[in-house]
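Trainee: In the order they appear, the protein sequences are chains A and B.
For reference, each letter of the first sequence is one residue, going 1 to 317 in the working numbering.
For reference, each letter of the second sequence is one residue, going 1001 to 1394 in the working numbering.
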Amino acid sequence: MIPTIIAISIVSFVIIQLPPGDYLTSLVSGMAAQGETVDRASLKALEERYGLGQPLYIQYWLWVKGIITKGDFGDSFEWNLPVNKLIWDRLGLTFLLSLSTLIFIWIVSFPIGIYSAIRKYSVGDYIATFIGFIGLAIPNFLMALVLMYIGFKYFGHSVGGLFSPEYIDAPWSLAKVGDLMNHLWIPMVVLGTAGTAGLIRIMRANLLDELYRPYVVTARAKGMAEWRLLLKYPVRVALNPFISTVGWVLPTLVSGATITAIVLSLPTTGPLLFKALLSQDMYLAGSFIMMLSILTVIGTLISDILLAWLDPRIRLK
Amino acid sequence: MSDDAKRFSGLSVKRPSPGAPPATPEPSLEPESRVQVASQWQLMWWKFRKHKLALVSLIIVILVYLIGLFAEFLAPQLPGSYSARHTYAPPQPLRFVERTDNGWRPALFVNGYKVEVDPVALRRTFVVDPESKIPVRFFVKGETYKMWNLFETDRHLIGPVKSGEPMFLLGADRLGRDVLSRTIYGTRISMSIGLVGVALSLILGIILGGISGYYGGAIDNLIQRIIEFLRSIPTIPLWMGLAAAIPLTWPPLRVYFMITVILSLIGWTDLARVVRGRFFSLKTEDFVTAARLDGASEIGIILRHMVPSFMSHIIASITLAIPAMILSETALSFLGIGLRPPVVSWGVLLQEAQNIRSVATAPWLFWPGAAVVITVLALNFLGDGLRDAADPYE
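Given below as structure tokens:
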């Protein structure tokens, strides 16, 4: 866990450093373009703060030290604001979106997976499999575009964004949350299809492994009601992967959320990260990449803990 | 063949060894014994053949690769040729019969365009005009191109008889370029990036997965941790970060190569896992021990005995890795940080569809997206079928 986070911070820092030219040159040229001149003293202060001109590992150390001790991720030169003022809202919305998508995936794939397993090779099973495959094959951004096109063509309004215009700057209230829920379902569907497809297949395969086990036959022979039997034993065993797949579903969701958000122009990390990368606003971009990865790793850890809580076999090992 | 010999040869193919006897099915043999003497690849083919969807997908995939291979000949126009008079021209359906005074007769043509002016917005739009006809022919002379950069020719599979007349079977984009031609050219880039990227991932995956699985222990542990780390990072933000660092001044070929490297940076982890798992399960097999006792060298054991017996699994994994590569490239290029014009890939083409207003006026800009979906679906089904067939002994 800790080594992973350290590795993530190193990778993010390397990404910050990859583009040619350094932060200071871009800052100076940016200011010069706006007709401002930079005085030597502030240049000096900046150089000291980021350790510019010094070896990379010292710069890295200064950056990490700033984050740990002061929560200071550096400045965004494009916004002329400290990075930490920009990222938290957006990270929050990104994870809200990812989490609600995850729940959406669970709710949809759980019954369909069970159905596909107990009615193996039925028409419904084939339909579910086919829709699942289509979901896997359509790239997120394409589905977002098509939904937007349909919304534009047949409902006459754009479906982008997470809030209606009147709520964008409003403080949080119940009405605002309701408005958010109204907008959230489109990115949720866009993001959720691929994951749902994967999870249905996993659920189906696992349940098929369990359904013909002797313990199921025993319970049935004892006259247990079919639904109770199904939900109490095989489904419970087959549920494990549901939780453990969070480990790979979460990175895919966060990554898909990035690109979907760019297409649908949601106020999440995606568009801002993208803009930061294009304008080489590297402290902002690097901080985004780092925080997205770290939060994903933490999410995976939580899923591991959940798994231990759910499954006594893992807990006792 | 005596009964004993039959049983013996049947036994020897139970184990996936490369030296399995070639199939010599005699007409008198029962179906069961045909199965017993068939080689491993033959068994796989039989199993694969049962998977109808995979079989159809195989044909589609081969067709798509052929389209990519013969792009210049198949495309009616060059990817860059534009016609300012036909911006956002809608698709013209290809017609096979023509109506004359004495009934119907076969003819190949498309309808021409006429301009309509929107009375409110005063915007000029093209509509297909059923009155005018543009005759179309196969193997027609059109724009000159260099086939595979080798020889010059001007034959196209299909095109208007009079060169220069408009024929946009899938419509035109904002510069009046033929969407069909560009999608065909895009096939070459998008499909090849899948192959090159997977080849790179495969090299990394086989080497690192092989080391991991064959030696085990500390080095295995290290490689597994690296894989876990790479898989825990959300890929698109990482790729975006790396791709954005590619200088804008680089020539297209170098950008192309860099993108494949970036994509395979994550792609190898899946293949490495497959290879490692196979190594683990095979390393204790009797035939490997036998080879070792026979004094075969390590590398000889790996290459002559182990690799052939998990080759089928590798092929299945590769087939499943290609669509992931294609989707990633499409996503990056769509955002404008992958391949860049004038290179034509499906992702680059879909950039045109980024703007909701242009899509609303020209929904045919989604066609490259259809190409992506069909190809990815076919590759997924094919990979699924191959994976089922990879283990024919079940």
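Note that CB positions come from ideal geometry on N, CA and C, so glycine has one too.
Computed from a predicted model, the values in this text were never measured in an experiment.
1) Looking at C-beta atoms only, is the number of pairs between the region 85-100 of chain A and the region 253-271 of chain A that lie closer than 8 Å three or more?
2) For the region 224-245 of chain A, which residues have a CB atom closer than 9 Å to at least one CB atom of chain B, in sequence order?
3) Starting from B/Asn1111, follow its DSSP beta bridges and name the residues at the other end.
4) Answer yes or no: does any C-beta atom of chain A fall closer than 7 Å to that of B/Thr960?
5) Alpha carbon to alpha carbon, how far is B/Tyr1145 from B/Leu1202? Give it in angstroms, no decimals.
6) Between which two residues does the beta strand (DSSP E) holding A/Ile8 run?
7) Below 8 Å on the Cβ atoms is my guess for B/Pro1076 versus B/Gly1159; work out the distance and round it to an integer in Å.
8) Give the C-beta separation of A/Gly74 and A/Val83 to the nearest angstrom, bearing in mind that I take them to be a contact with Cβ-Cβ under 8 Å.
9) Please check the pair A/Leu239 and A/Ala194, which I expect to be a contact at CB under 8 Å, by giving their CB distance rounded to whole angstroms.
10) Under 7 Å between beta-carbons, which chain B residues line up against A/Val254? List them in chain order, please.
11) List the whole-angstrom C-beta distance separating B/Val1376 from B/Leu1335, where the pair is believed to meet the contact cut-off of C-beta under 8 Å.
12) Relative to the C-alpha of B/Phe1138, which residue among B/Gly1112, B/Thr1125, B/Leu1094, B/Lys1114 is closest?
13) List, in order along the chain, the chain B residues whose C-beta lies closer than 7 Å to that of A/Pro19?
14) Given a limit of 8 Å on CB to CB distance, which residues of the region 281-297 of chain A reach chain B?
15) Quick check: what's the CA-CA separation for A/Gln59 versus A/Ile15?
16) Apart from the five residues on each side of it in sequence, which residues of its chain come closer than 7 Å, Cβ to Cβ, to B/Met1147?
17) In terms of residues, what are the limits of the alpha helix (DSSP H) holding B/Gly1176?
18) Please report how far the alpha carbon of B/Met1001 lies from the alpha carbon of B/Ile1318, in whole angstroms.
19) So what's B/Val1064 in DSSP terms, helix, strand or just coil?
20) State whether the region 1304-1316 of chain B contacts the region 1365-1372 of chain B, with contact taken as three or more CB pairs (one from each stretch) at a distance under 8 Å.
21) Leaving aside the five residues before and after B/Leu1170 along the sequence, list all residues of the same chain whose C-beta is less than 6 Å from its C-beta, in chain order.
22) Measure the C-alpha to C-alpha separation of B/Tyr1295 and A/Arg220 and round it to an integer number of angstroms.
23) Whose C-beta lies closer than 7 Å to the C-beta of B/Ile1184 among residues of the same chain, with five residues either side of it excluded?
24) Could you run through the region 1355-1374 of chain B and flag, in chain order, every residue whose CB is less than 9 Å away from some CB of chain A?
25) At a Cβ cut of 8 Å, what residues of the region 142-154 of chain A count as close to chain B, listed as they run along the chain?
26) What would DSSP say about A/Ser116, mapped onto helix, strand or coil?
27) Would the beta-carbon of A/Leu86 be found less than 6 Å away from any heavy atom of the ligand NAD?
28) Does any CB atom of chain A fall closer than 7 Å to the CB of B/Pro1135?
29) Measuring only the C-alpha atoms, how far is B/Trp1104 from B/Val1161?
30) Is the separation between the beta-carbon of A/Ile200 and that of A/Ser109 shorter than 7 Å?
31) Name the chain A residues whose beta carbon is nearer than 8 Å to that of B/Ala1353?
32) I want to verify the contact list: residues of chain B whose CB lies under 8 Å from the CB of A/Trp248, in sequence order.
33) Mind listing, in chain order, the continuous beta strand (DSSP E) runs of no fewer than 3 residues lying wholly within the region 1272-1322 of chain B?
34) By the three-class DSSP mapping on this structure, what secondary structure does A/Thr218 have?
35) Leaving out five residues on either side along the sequence, give the residues of the same chain with a beta carbon under 6 Å from the beta carbon of A/Gly66.
36) Mapping DSSP to helix, strand and coil, what is B/Val1161?
Mentor: Put simply:
1) For the pair of segments examined, the region 85-100 of chain A was found to touch the region 253-271 of chain A: the number of CB pairs separated by less than 8 Å reaches three.
2) Those residues of the region 224-245 of chain A that come within reach of chain B (Cβ to Cβ, closer than 9 Å) do not exist; the list is empty.
3) DSSP output for B/Asn1111 lists B/Lys1133 as bridge partner(s).
4) Only positions 1001 to 1394 of chain B appear in the structure, and residue 960 of chain B is not among them; the question remains open.
5) Rounded to whole angstroms, B/Leu1202 and B/Tyr1145 show a C-alpha spacing of 34 Å.
6) Note, A/Ile8: premise wrong, no beta strand (DSSP E); alpha helix (DSSP H) at 2-17.
7) With 8 Å as the limit, B/Pro1076 and B/Gly1159 qualify as a contact, their Cβ atoms being about 5 Å apart.
8) Correct: roughly 5 Å between the Cβ atoms.
9) A/Leu239 to A/Ala194, Cβ: 21 Å. No contact.
10) At a beta-carbon threshold of 7 Å, the residues of chain B lying near A/Val254 are Pro1234, ordered along the chain.
11) Contact check for B/Val1376 and B/Leu1335: beta-carbon distance about 18 Å, past the 8 Å limit, so the pair fails to qualify.
12) That would be B/Leu1094, whose Cα lies nearest to the Cα of B/Phe1138.
13) Residues of chain B with a Cβ closer than 7 Å to the Cβ of A/Pro19 are, in chain order, Ala1245.
14) Listed by position, the residues of the region 281-297 of chain A near chain B (Cβ gap below 8 Å) are Ala285, Gly286, Phe288, Ile289, Leu292, Ser293, Thr296, Val297.
15) A/Gln59 and A/Ile15: Cα-Cα distance of roughly 13 Å.
16) Excluding sequence neighbours, B/Met1147 sits near Glu1072, Phe1073, Thr1153.
17) That residue, B/Gly1176, is in no alpha helix (DSSP H); it is neither H nor E in DSSP.
18) Because the pLDDT at B/Met1001 is just 41, under 50, the model does not fix this residue reliably, and the point stays unresolved.
19) Three-state result, B/Val1064: helix.
20) Contact between the region 1304-1316 of chain B and the region 1365-1372 of chain B is absent, because fewer than three Cβ pairs lie under 8 Å.
21) If we look at B/Leu1170 and ignore the five residues flanking it on each side, its Cβ neighbours are Pro1091, Val1179, Leu1180, Trp1364, Trp1367.
22) Sequence inspection shows Gly at residue 1295 of chain B; the Tyr mentioned does not correspond to that position. Looking at the two C-alpha atoms, the distance is approximately 56 Å.
23) Scanning its chain for C-beta atoms nearer than 7 Å, with the 5 sequence neighbours on each side dropped, one finds around B/Ile1184 the residues Ile1067, Ala1071, Leu1074, Ala1075, in chain order.
24) Residues passing the 9 Å Cβ filter: Ile1356, Arg1357, Val1359, Ala1360, Pro1363, Phe1366, Gly1369, Val1372, Val1373, Ile1374.
25) Result list: Leu142, Leu145, Val146, Met148, Tyr149, Phe152, Lys153.
26) If DSSP states are grouped into helix, strand and coil, A/Ser116 belongs with the helices.
27) In terms of ligand content, the structure shown is empty, and the ligand NAD therefore cannot be addressed.
28) Residue contact with chain A for B/Pro1135: absent (no Cβ-Cβ distance below 7 Å to any residue of chain A).
29) So the alpha carbons of these two residues sit roughly 21 Å apart.
30) By the CB criterion at 7 Å, A/Ile200 and A/Ser109 fall inside the cutoff.
31) Taking a Cβ-Cβ threshold of 8 Å, the residues of chain A close to B/Ala1353 are Leu145, in chain order.
32) Within chain B, the residues whose beta carbon sits less than 8 Å from that of A/Trp248 are Arg1231, listed in sequence order.
33) Segments of the beta strand (DSSP E) lying fully in the region 1272-1322 of chain B: there are none.
34) Three-state DSSP puts A/Thr218 in a helix.
35) If we look at A/Gly66 and ignore the five residues flanking it on each side, its Cβ neighbours are Asp72.
36) Coil at B/Val1161, not helix or strand.
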